[in-house]
Structure formats: C-alpha cells, structure tokens
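Undergrad: Counting from 1, one number per residue, gives the positions in the sequence shown under this note's numbering.
Each residue gets a CB set at the ideal place from its N, CA and C atoms; glycine is no exception.
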Amino acid sequence: MRTYGVIMSRGGKPEADQVKAIGEQLDPHFPAKDDNLNEELCRVLCYLQHPSVVEKTVALMQTTKAKVPDFDAEVMKRNKGYGGRILSSMESNPNILNIHFLFCLKDVQAGWTMDDRKVYLAELKTLMSKKGGNMFTGYIQKIRDSAIASVPEKDRPSLQYLMGDVKSIDISNLPKAKGPGVVWTVDDALKMLKEEPLVGRSLANGKKMFSAGLCVA
C-alpha cells in the first residue's frame with residue numbers, strides 16, 4: 001500500500017489500464033478491519049477515482065467512532081494556551097478517522113448518489129461545530145469548500161440546506177411557542193381549509209412559528 005502511495009505521489013496517476021488493475025486488486029480488501037489500513041486503502045482508491053470507493057467509504061464513516069486522545073488532563077491544565085486547546089479538543093472529540101475519509105473523498109468525481117452526498121455533507125456540517133485546535137475549523141472549511149465545488153448543478157437545490165453557511169443558533173433567543181397547541185391530522189387540516197379559506201396570512205409570523213418550533217436549530 002505504501003509503495004503504491006509513494007509512487008503515485010511522486011510519479012502521478014498511472015495509465016488507465018494500470019489504474020483499473022490496481023483498483024481491482026485493492027477493492028476487495030476495502031474496508032479492512034484495521035483503521036490504519038483503511039486510511040491507506042481509501043487514500044489510494046480515491047486518488048484512482050475507483051467506482052466503488054464513495055459508496056464503501058461513506059458506509060464505513062457511519063460505523064466509526066471518535067477516539068479520545070490519551071492525554072493527562074492535569075498536565076494539560078498547567079498551560080492554558082496550548083493545554084487549553086488540547087483539553088477543548090478532547091471535550092469536543094471530533095472523529096479524526098472520518099476527517100481523513102472526508103479529505104480523501106473531496107475530489108472524487110464519480111460514484112456519488114444523492115444519499116451519499118447528504119451523509120458526506122452532513123458530516124462536514126457537524127464537524128464545523130467541533131473543536132480541534134487553532135487551525136481545525138479552517139481545515140474543515142477548506143475540505144467543505146472543495147466538496148461543495150464538486151457537487152453537480154442538478155443536485156444543488158436538494159443539497160442547499162447542507163451547503164449553506166453554518167451558523168450557531170442561540171436557542172434561548174428564539175421565539176417561544178404559545179399553547180396549548182392542536183394535534184393536527186392531514187384530514188383535519190384539509191377540512192378546516194375547505195370550511196375557512198386562509199386569509200390575512202403573515203410571512204413574518206410564519207417565520208416566528210418556524211423558529212419557535214426549533215426548526216432553525
């Protein structure tokens with residue numbers, strides 16, 4: 001694996017027939033049971049733009065777990081600068097293995113389904129709220145920017161909610177819902193609309209209702 005990686009990093013992408021042969025050789029072994037091996041397999045297969053690498057990697061990402069670095073918290077507390085950053089990262093606990101997979105997949109052009117893109121972009125959006133050091137957010141943002149740039153125009157409308165700016169929402173400042181509410185059914189709503197057509201609708205109030213229902217959070 002390392003030999004393939006080093007040769008390609010220095011000599012560039014192989015000829016088409018070699019790309020096909022290497023991909024077919026490595027594909028049956030991915031994913032493996034070893035995280036380190038999966039890192040290398042994903043890296044090479046993504047570079048080769050292998051047809052199955054997106055599906056397999058996205059599925060693998062949903063099974064991995066974040067690992068907390070084995071640092072002595074008491075030692076870290078001695079330095080509020082460097083140590084504080086490390087402690088903050090430990091508490092936030094970003095999934096480092098998935099970050100590697102996200103990075104490898106960002107430039108893969110083929111093999112994406114809509115569901116794959118949703119999982120991928122959702123993971124990036126989640127990571128934007130994590131902490132991992134001074135450069136962490138910028139690093140994740142660069143991966144995200146590159147990934148978004150690769151989304152075909154025809155898919156963008158369906159993925160816009162995952163591609164927009166990530167903003168933190170202060171729930172305490174949102175409008176409060178007023179009750180008691182009504183447990184609506186579709187039939188009840190349709191019946192009411194037939195009996196009392198909507199008049200005087202307020203977009204501003206609708207926006208408040210959307211926020212009060214925590215739909216913006």
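Would you mind reading off the limits of the alpha helix (DSSP H) that contains Ala32?
TA: No alpha helix (DSSP H) holds Ala32; DSSP gives it neither H nor E.
Undergrad: CA-CA distance, Cys46 and Lys130?
TA: Spanning the two alpha carbons is a distance of roughly 25 angstroms.
Undergrad: Among Leu159, Leu174, Gly5 and Pro94, which one has its Cα closest to the Cα of Lys67?
TA: Here the closest residue by C-alpha is Pro94.
Undergrad: When the Cα atoms are used, what is the spatial distance from Gly206 to Ala177?
TA: In a straight line, the C-alpha of Gly206 is about 12 angstroms away from that of Ala177.
Undergrad: According to the neighbour-count rule (16 or more other Cβ atoms, all chains shown, within 10 Å of its Cβ), is Arg156 buried or exposed?
TA: By the 10 Å Cβ count, Arg156 comes out exposed.
Undergrad: Given Met114, which residues of its chain have a CB within under 7 angstroms of its CB, disregarding the five upstream and five downstream residues?
TA: Excluding residues within five positions, the ones whose Cβ falls inside 7 angstroms are Asp155 and Ser158.
Undergrad: Taking only the alpha-carbon atoms, compute the straight-line gap between Ile140 and Arg43 and give it to the nearest angstrom.
TA: Spanning the two alpha carbons is a distance of roughly 17 angstroms.
Undergrad: Give the secondary structure of Thr113 by DSSP, where H, G and I count as helix, E and B as strand, and everything else as coil.
TA: Coil at Thr113, not helix or strand.
Undergrad: According to DSSP, is Gln95 helix, strand or coil?
TA: Sequence inspection shows Asn at residue 95; the Gln mentioned does not correspond to that position. Coil, per DSSP.
Undergrad: At 4 residues or longer, and completely inside the segment 135-189: list those alpha helix (DSSP H) runs for me, N to C.
TA: Entirely contained in the segment 135-189, the alpha helix (DSSP H) runs reaching 4 residues are, in chain order, 136-149 and 156-163.
Undergrad: Counting only the same chain and skipping the five closest in sequence on each side, list residues whose C-beta sits under 6 angstroms from that of Arg144.
TA: So the list reads Leu124, once near-sequence residues are dropped.
Undergrad: Are Ala147 and Pro51 close, meaning C-beta to C-beta below 9 angstroms?
TA: Their beta carbons are not under 9 angstroms apart, which means Ala147 does not touch Pro51 by this criterion.
Undergrad: Can you tell which of Ile99, Ser211, Ala212 and Asn38 has the C-alpha that lies nearest to the C-alpha of Ala122?
TA: The shortest Cα separation from Ala122 among Ile99, Ser211, Ala212 and Asn38 belongs to Ile99.
Undergrad: Under a Cβ-count criterion, where at least 16 other Cβ atoms within 10 Å of its own Cβ denotes burial, should Leu203 be classed as buried or exposed?
TA: Leu203 should be labelled exposed.
Undergrad: Apply the 10 Å Cβ neighbour rule to Thr57 and answer buried if 16 or more other Cβ atoms are within range, or exposed otherwise.
TA: Under this definition Thr57 is a buried residue.
Undergrad: Quick one, are the C-beta atoms of Val19 and Gln62 less than 9 angstroms apart?
TA: Not in contact: Val19 and Gln62 (Cβ atoms no closer than 9 angstroms).
Undergrad: Mapping the DSSP letters down to three states, classify Arg201 as helix, strand or coil.
TA: Note: Arg201 maps to coil in three-state DSSP.
Undergrad: Near Glu55, what residues of its chain come up, given a Cβ to Cβ distance below 7 angstroms and the 5 sequence neighbours on each side ignored?
TA: Same-chain partners within the cutoff: Gly111 and Asp116.
Undergrad: Looking at the unbroken alpha helix (DSSP H) that takes in Thr63, where does it start and where does it end?
TA: No alpha helix (DSSP H) holds Thr63; DSSP gives it neither H nor E.
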